[in-house]
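Numbering (the numbering used here), first residue to last: -9 to 103.
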C-alpha cells in the first residue's frame, strides 16, 4: 500500500503520478509493495490528451460531412464523395476507440473527488 500522486483532468480522465510515500509493508528502500493508494489528487482544469485528439478528429469529420453534402448538391464528384465517405468511417472508428479508452479509464477512477 504505497502512496502515489494522481492527476485528474476536468473530463474525468486520470493517471498515476510520482511515488510519494512508502508503506510499512515494503522494507527495501526505493521499492514499492505493488498496491497503489492515492497520496494526493492534483486536479487540472483542462481536458486530457484523449479528449483533445477526439475533438480534433470530430471537427475534421464534421468538415468532411459538410463537404460531402456540398458535393452532392454540386454533382460530378462521385469518386471524391466515395473516398471522403470512407475517410469519415475511418475517423468515426478512431473516435469510437478514443471514447472507449476514455470511458474505461474514467470507470477506474479511485479518488474521492
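The beta carbon of each residue, even a glycine, is placed where N, CA and C say it ideally should be.
Residue i burial status per 10 Å Cβ neighbour count (16 or more: buried)
i	result
residue 4	buried
residue 88	buried
residue 75	exposed
residue 35	exposed
residue 6	exposed
residue 38	buried
residue 98	exposed
residue 11	exposed
residue 92	buried
residue -8	buried
residue 60	exposed
residue 63	exposed
residue 44	buried
For residue i, three-class secondary structure by DSSP
i	result
residue 6	strand
residue 12	coil
residue 27	strand
residue -8	strand
residue 66	coil
residue 41	helix
Those residues which DSSP pairs with residue i across a bridge
i	result
residue -3	5, 32
Whole-Å CB distance - residue i paired with residue j, under 8 Å assumed
i	j	result
residue 46	residue -6	About 30 Å separates the two Cβ atoms, so there is no contact after all.
residue 58	residue 71	6 Å
residue -4	residue 32	7 Å
Below-8 Å beta-carbon distance, residue i vs any chain C residue
i	result
residue 78	Judged by its chain identifiers, the structure shown contains no chain C, having just a single protein chain.
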